[in-house]
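Chains as they are written, first to last, in the numbering used here: chain Z, 8 to 270; chain D, 8 to 270; chain S, 8 to 270.
Yeah, the Cβ is synthetic: ideal placement off N, Cα and C, and Gly gets one too.
All remarks here apply to the structure that follows.
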Amino acid sequence: MDTFELGRIHPTAVVSAGAQVGQDVTIGAFSLVHPGVEVGDAAVIGSHCVLGEPTADLYATAGATTPPRPCHIGEASVVRSHTVVYAGVTTGAGLQTGHRVTIREGSEIGEGVRIGTLCDLQGDLRIGDHVRLHSNVHVAQHSIIEDFAWLYPQVVLTNDPHPPSDTCLRGVTVRRFAVISVGVVLLPGITVGEHALVGANSLVTADVPARMVALGSPARITGRVEDVSCRHGALEQVYPWPVQFRRGYPEGVLPDASDISGP
Amino acid sequence: MDTFELGRIHPTAVVSAGAQVGQDVTIGAFSLVHPGVEVGDAAVIGSHCVLGEPTADLYATAGATTPPRPCHIGEASVVRSHTVVYAGVTTGAGLQTGHRVTIREGSEIGEGVRIGTLCDLQGDLRIGDHVRLHSNVHVAQHSIIEDFAWLYPQVVLTNDPHPPSDTCLRGVTVRRFAVISVGVVLLPGITVGEHALVGANSLVTADVPARMVALGSPARITGRVEDVSCRHGALEQVYPWPVQFRRGYPEGVLPDASDISGP
Amino acid sequence: MDTFELGRIHPTAVVSAGAQVGQDVTIGAFSLVHPGVEVGDAAVIGSHCVLGEPTADLYATAGATTPPRPCHIGEASVVRSHTVVYAGVTTGAGLQTGHRVTIREGSEIGEGVRIGTLCDLQGDLRIGDHVRLHSNVHVAQHSIIEDFAWLYPQVVLTNDPHPPSDTCLRGVTVRRFAVISVGVVLLPGITVGEHALVGANSLVTADVPARMVALGSPARITGRVEDVSCRHGALEQVYPWPVQFRRGYPEGVLPDASDISGP
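Below you can see the structure in the form of structure tokens.
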């Protein structure tokens with residue numbers, strides 16, 4: 008038996024008759040596609056994935072009769088192996104995931120988003136277009152991540168100011184083009200402004216204004232992003248990052264460097 | 008082929024004739040149940056799981072003849088997809104796991120416990136009743152987590168004071184109702200007292216007394232839990248947390264608020 | 008159907024005719040072995056694994072005709088369940104992995120290496136012989152980890168000094184016998200010297216010289232490894248660690264204690 012063929016559903020995959028699979032879709036070995044799932048044209052679903060995972064109320068109500076919320080995977084997406092996408096998730100065209108990603112119900116995800124290996128999206132959250140989550144990012148419920156933001160490995164977005172509680176949950180907002188470096192924890196209700204930068208391993212306990220750099224535990228504002236210099240002298244200006252980095256974005260979606268380079 | 012039906016073993020699952028499966032058990036697609044496993048009545052095992060994973064000595068001894076240690080999954084549990092539970096694990100009734108949890112041999116787990124996505128339980132450890140581990144908690148061997156404790160994402164319990172070594176391993180003890188916030192590392196041998204609270208991203212290098220708050224790297228005692236105030240003014244008292252949070256526990260298991268609210 | 012038998016390919020596994028499987032190899036249930044993979048003699052591949060995962064260019068070029076890069080798993084290895092090894096990876100004899108490990112293309116891995124559960128190796132990296140990665144270690148592209156190094160849970164090796172960029176990537180180098188404790192982040196281009204020790208939760212922003220201890224955020228040099236004392240009085244000397252720890256290494260590969268114990 009072949010292990011993989013583009014544009015084909017592997018014979019070991021189990022695809023519900025109640026799922027809608029577009030043209031030229033690939034579904035890998037040992038993947039499971041539940042009823043109510045729509046997979047857009049030319050999407051590639053890796054092996055050992057689950058699309059349309061039932062939400063917890065299924066077990067609580069002993070399989071009661073409400074149909075599952077729909078799960079829509081955008082066209083031309085690549086969903087890598089062992090990923091679980093719940094019922095009640097919508098993703099735009101061109102999603103790319105790493106391996107073993109979890110996306111829970113109530114997640115709305117824009118176009119051209121990349122979500123790295125082991126990321127854990129807890130649901131009831133919004134992610135804009137062209138966002139990049141590197142490996143193992145934890146995104147709590149009620150988070151908002153706007154277009155073009157970057158979140159690096161092991162970043163955690165929280166939502167509970169005095170856990171456990173449920174009266175005071177506040178999500179984190181990461182604005183357009185903001186960069187959250189590796190290992191950062193963002194406390195509940197924090198907003199990180201447009202084009203802002205948070206340094207590695209920081210604990211962010213207060214809002215970070217647009218175009219500012221924050222660093223430390225607790226994080227302090229250390230300057231403007233325009234003043235970050237290249238450690239190796241290779242770049243004249245580093246931030247806002249689209250002045251020097253444009254790889255992997257569709258033609259025309261990033262702003263011109265001159266429009267964002269700053270004062 | 009159906010993708011899932013409550014109370015049924017999916018036709019693609021591989022269940023050993025040497026396993027005991029209770030009444031009304033669900034086993035998902037592509038799951039593997041080894042000999043020696045007992046699954047309690049009405050348990051739901053997700054897809055792509057492994058129950059009764061062989062311990063390392065199997066490979067060291069080239070498949071020698073000792074039977075596997077038993078693996079017991081309590082009744083009415085929900086074990087989500089891609090989870091691996093080793094031979095030599097016992098879990099109480101009503102376990103709920105997220106996805107891709109690992110529970111190694113020698114783990115004894117009480118009733119009503121929840122273990123989040125990506126948690127990694129290294130075995131030879133004890134977890135009491137109604138404990139909550141959020142996502143991606145790492146629990147070293149020799150850890151003890153008592154009833155009603157909460158551990159948040161990316162918490163790490165260690166056991167080796169000068170790694171690598173094997174003469175001086177000491178587990179961490181988290182006492183009843185204690186709360187360990189996101190990203191905390193607990194050094195070997197530490198005890199966190201009953202109803203204590205450790206703040207986000209702390210490195211805990213000394214014991215935390217009962218009902219105290221610890222914070223920072225290294226963590227310092229900053230006050231009593233009764234004095235933590237609600238950031239949003241919505242709650243009169245926040246800790247000990249059962250004074251304001253009771254969702255998800257069976258009737259009658261939590262103490263009355265008046266019995267724990269403190270001096 | 009049996010769930011597992013040493014030396015056998017499980018009937019549910021899908022193994023390409025274009026893969027080469029050695030003598031006495033075990034392949035677990037629901038595993039997928041792509042064309043171009045070579046599995047060495049007596050290797051044990053767990054269930055739900057993927058060997059020879061296609062690299063991203065496959066999707067970009069719509070299945071173009073270049074054959075996949077080879078993927079070689081060394082003899083007598085144990086690769087545990089849900090692990091993904093890409094095309095373009097070479098591992099030496101005696102590799103042992105935990106569960107859900109990811110090893111991407113361009114990784115060259117020596118003999119006798121252990122890689123814990125959830126580790127994420129981003130590819131284009133080199134790992135020497137007898138290296139130990141504990142759980143959930145993130146290794147960026149261009150990293151070099153030399154023989155006998157130890158990396159503990161949730162360590163992150165980075166490579167981008169001002170993310171996102173691609174002109175200035177610099178990998179981290181961890182030299183022979185170095186120990187990186189739990190939760191440490193190593194910034195791009197850092198070298199941690201031979202026999203050095205980095206304490207828990209540190210952020211390493213400058214090189215750590217051989218046989219020195221570094222600690223904190225940012226990490227400071229706090230002394231010589233020979234001067235670290237055993238917290239429990241059980242060991243006369245703790246570091247360099249081979250003076251007191253030798254479990255799990257083949258006969259003769261570790262240096263004599265007297266040759267490394269220091270001045």
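Secondary structure at D:A156: coil, using DSSP grouped into helix, strand and coil.
Across the set Z:V40, Z:A49, Z:A24 and Z:S23, the C-alpha of Z:A49 shows the shortest separation from the C-alpha of Z:R15. The three-state secondary structure of D:A221, taken from DSSP, is strand. Between the C-alpha atoms of D:T165 and D:I151 there is a straight-line separation of about 11 Å. A contact between stretches requires three or more CB pairs, one per stretch, nearer than 8 Å, and the region 189–203 of chain D fails this requirement with the region 178–185 of chain Z. When C-beta distances to chain Z are compared with 7 Å, the residues of the region 48–59 of chain D below that value are V51, S54 and H55, in chain order. Around S:M8, the beta-carbon contacts reaching into chain D at under 7 Å are V21. For D:Q161, the C-beta contacts it makes with chain S under 8 Å involve Q161, in order along the chain. Contacts with chain S at 9 Å (Cβ-Cβ) do not include Z:A264.
Around the beta carbon of S:P61, 16 or more other beta carbons lie within 10 angstroms, which makes this residue buried. Counted as a single uninterrupted DSSP element, the beta strand (DSSP E) harbouring Z:Y93 occupies residues V91 to Y93.
Taking a beta-carbon distance threshold of 9 Å, S:S172 does not count as an interface residue toward chain D. Assignment of alpha helix (DSSP H) within the region 185–255 of chain D, counting only whole runs of 4 or more residues, yields no such run. Excluding sequence positions up to five before and after D:P216, its CB lies within less than 6 Å of the CB of G200, all in the same chain and listed in chain order.
Following the DSSP letters along the chain, one finds S:L65 inside the alpha helix (DSSP H) bounded by residues D64 to A67. A direct Cα-to-Cα measurement between Z:I110 and Z:S88 gives close to 14 Å.
Nearest to Z:H79 by C-alpha distance, out of Z:G43, Z:S23 and Z:P262, is Z:G43. For the C-beta of D:R254, the chain Z residues within less than 9 Å are, from N- to C-terminus, P171 and D173.
Note on geometry: alpha-carbon atoms of D:S142 and Z:P74 lie some 28 Å from one another. Close to chain S, meaning a Cβ-Cβ distance shorter than 7 Å, are the following residues of the region 202–215 of chain Z: A207 and N208.
Distances from the CA of D:G105 to each of D:L261, D:F155, D:S54 and D:A226 were compared; the closest alpha carbon is that of D:S54.
DSSP, read as helix, strand or coil, puts D:S114 in strand. Judged by DSSP in its simplified three-state form, D:D9 adopts coil rather than helix or strand.
When the beta-carbon positions are compared, Z:I134 and Z:L125 stay at least 9 Å from each other.
Shown here for S:V220: same chain residues with a beta carbon closer than 6 Å to its own, the five before and five after excluded, namely L204, T229, G230 and V232 in chain order. In the structure shown, Z:D266 adopts helical secondary structure according to DSSP, grouped into three states.
Taking a cut-off of 8 Å on C-beta distances, the region 146–163 of chain S touches the region 157–174 of chain D, as three or more cross pairs fall below it. Residue pairing of S:D127 in beta bridges, as defined by DSSP: S:T109 and S:H145. Each residue's CA atom was taken as its position, placing S:L194 and S:L210 some 8 Å apart. Look at the region 81–111 of chain D: the residues with a C-beta under 8 Å from a C-beta of chain S are H89, V91, R107 and T109. For Z:H79, the enclosing beta strand (DSSP E) starts and ends at C78 to I80.
By the CB criterion at 9 Å, S:G190 and S:A207 fall inside the cutoff.
DSSP places D:L102 in no beta strand (DSSP E); its state is neither H nor E.
The beta carbons of S:G35 and S:V46 sit no closer together than 9 Å.
Under the 9 Å criterion on CB atoms, D:R177 is classed as interfacial with respect to chain S. Assignment of D:R133 by DSSP, reduced to helix, strand and coil, places it in the strand class.
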